[in-house]
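S.K.: Chains as they are written, first to last, in this note's numbering: chain A, 411 to 606; chain B, 411 to 606.
Have a look at the structure that comes next, please.
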DNA sequence: TTATTCAACTAACAACCGTTAGTTTTGCAA
DNA sequence: TTGCAAAACTAACGGTTGTTAGTTGAATAA
């Protein structure tokens, strides 16, 4: 399973994946046609199949690339000896970093995962559920230590993830404010909301 | 333009709109076919066109029904003499109420508005931008009165709207917690994050 | 040189799409 | 009972979809 590289020379498949992510984001998975994708790569639709096996494979690669990135980073955070609040902040910063640097992929992964086919769909959902549970466990820890407000850990978890996603809507609006400032404001709002 | 009713006997068109909202939500606008929609209503696809003029009209009715509801309620809040924090809380409660009682419509409106055709697309976007600006003005007021933290009003606005949307993800899970408790926790997290 | 692989091409298929035209059924008002 | 309009039906059209088959030229390895 090819991975999306961030640097170096791109293989043809990586170019296709990049362009697919961009088109899926702006038009949606179903509304993006193989002919349209091919046109953007200056080739014929049929030629795409020399590099990929199906349209869904493109979506699958995008979704699981994003999922893998988040999972790897969470594992690293869990291994750290920091207090819950610092773990959460670290994680939020990584989410924001991903939303900015791999904007297309994260956006598509968040919205179009429904179009994955089995067994990949169940796989994806299970992975995400696990991710949310592990995050909620950190929140729970913070509550037990008296550092976080007494709210339902899963509510707080989904609320945090939802909040950082507001960057998606921000990207499209006028840039009179730096993405760094947006990030700092978001983290402030979330952490102050959490802290006891 | 027919409105979506919440009570009483439904006209055939209202039944169609309800079913369309449900299917759009679970499968997405493009992935929902007229034949599939008709099947759920126990009729033929062509028969739908005795009640509607196009597939897009269904999406349009859903999106603008939601937009109108929010706009009407915001106008009412603006006319009230309450302090900003109370206005915000009132508004959050209405968003949550809509997300619970008109779940399908709000979900579809949030995700599938991109598939509206001109001039309705521009119309929808302008309406939403205005809504966000009016909400940001209330936040700005709270900051100037020293009641809210000094963050960018638009960041705070989009963050709040994003946070209440986490209810969408909540609905699909099978956790044993009342929607009322979820609502209270969300409002706490948001307001405590905002308050100075 | 020759053989092989890679990646592009053209052409087309079978399925499905939203929608239209024309017809038949149904239920109510007269 | 008759007349009429609403709302269902059947059949089909033109277009688009993802994908396959078979071919061709260029690059690479022997």
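In this text, a Cβ means the ideal position worked out from N, Cα and C, and glycines have one as well.
Counting only the same chain and skipping the five closest in sequence on each side, list residues whose C-beta sits under 6 Å from that of residue 566 of chain B.
M.R.: Cβ neighbours of residue 566 of chain B beyond the five flanking positions: 549.
S.K.: Run through chain B and tell me which residues come within less than 9 Å of residue 508 of chain A, C-beta to C-beta.
M.R.: Scanning chain B for C-beta atoms nearer than 9 Å to the C-beta of residue 508 of chain A yields nothing, as the closest lies near 16 Å away.
S.K.: Could you tell me if residue 577 of chain A is buried or exposed, where buried requires 16 or more neighbouring beta carbons within 10 angstroms of its beta carbon?
M.R.: Label assigned to residue 577 of chain A: buried.
S.K.: Can you list, in chain order, the residues of its chain with a C-beta nearer than 7 Å to that of residue 415 of chain B? Leave out the 5 residues immediately preceding and following it.
M.R.: The predicted position of residue 415 of chain B is uncertain, since its pLDDT is 46 and thus under 50; no value can be drawn from it.
S.K.: Cα-Cα, which of B:555, B:541, B:522 and B:543 is closest to residue 608 of chain B?
M.R.: Here chain B has residues from 411 to 606 only, and residue 608 of chain B is not among them.
S.K.: Starting from residue 476 of chain A, trace the alpha helix (DSSP H) in both directions and tell me its first and last residue.
M.R.: Element bounds for residue 476 of chain A: 465–489.
S.K.: Interface residues of chain B around residue 440 of chain A at Cβ under 7 Å?
M.R.: 438, 440 and 441
S.K.: What separation, rounded to the nearest whole angstrom, lies between the Cα atoms of residue 483 of chain B and residue 504 of chain B?
M.R.: 8 Å
S.K.: Kindly indicate the opening and closing residues of the alpha helix (DSSP H) around residue 440 of chain B.
M.R.: Where residue 440 of chain B is concerned, there is no enclosing alpha helix (DSSP H), because DSSP gives it neither an H nor an E.
S.K.: Measure the alpha-carbon distance for residue 474 of chain B versus residue 528 of chain B and round it to whole angstroms.
M.R.: Whole-angstrom Cα-Cα distance: 14 Å.
S.K.: Give me the chain B residues within the contact set of residue 580 of chain A, using Cβ-Cβ distance strictly less than 9 Å, ordered along the chain.
M.R.: Within 9 Å Cβ-Cβ: 564, 565 and 568.
S.K.: Pull up the CB-CB distance for residue 448 of chain A and residue 458 of chain A, whole angstroms please, since I reckon it's below 8 Å.
M.R.: 6 Å
S.K.: Alpha carbon to alpha carbon, what distance is there between residue 431 of chain B and residue 500 of chain A?
M.R.: For residue 500 of chain A and residue 431 of chain B, the distance between alpha carbons rounds to 38 Å.
S.K.: Just verifying my parser: in three-state terms, what is the DSSP assignment at residue 423 of chain B?
M.R.: Residue 423 of chain B: helix per DSSP, three-state reduction.
S.K.: By the 10 Å Cβ neighbour count, where 16 or more other Cβ atoms means buried, how is residue 600 of chain A classified, buried or exposed?
M.R.: buried
S.K.: Using a Cβ-Cβ cut-off of 6 Å (strictly less than) and excluding sequence neighbours within five positions of residue 476 of chain A, which residues of its own chain qualify?
M.R.: 515, 516 and 519
S.K.: Between which two residues does the alpha helix (DSSP H) containing residue 604 of chain A stretch?
M.R.: 589–604
S.K.: Below 8 Å on the Cβ atoms is my guess for residue 602 of chain B versus residue 438 of chain A; work out the distance and round it to an integer in Å.
M.R.: Not a contact, Cβ separation roughly 36 Å.
S.K.: My assumption, with CB atoms under 8 Å, is that residue 572 of chain A sits in contact with residue 572 of chain B. Please give the rounded CB distance.
M.R.: 5 Å
S.K.: Give me the subset of the segment 455–482 of chain A whose CB atoms are less than 9 Å from a CB atom of chain B, sorted by chain position.
M.R.: none
S.K.: Using a C-beta cutoff of 7 Å, does residue 590 of chain B count as contacting chain A?
M.R.: no
S.K.: Note down, in chain order, all residues in the segment 522–548 of chain B with a beta-carbon under 9 Å from any beta-carbon belonging to chain A.
M.R.: 522, 524, 525, 539 and 542
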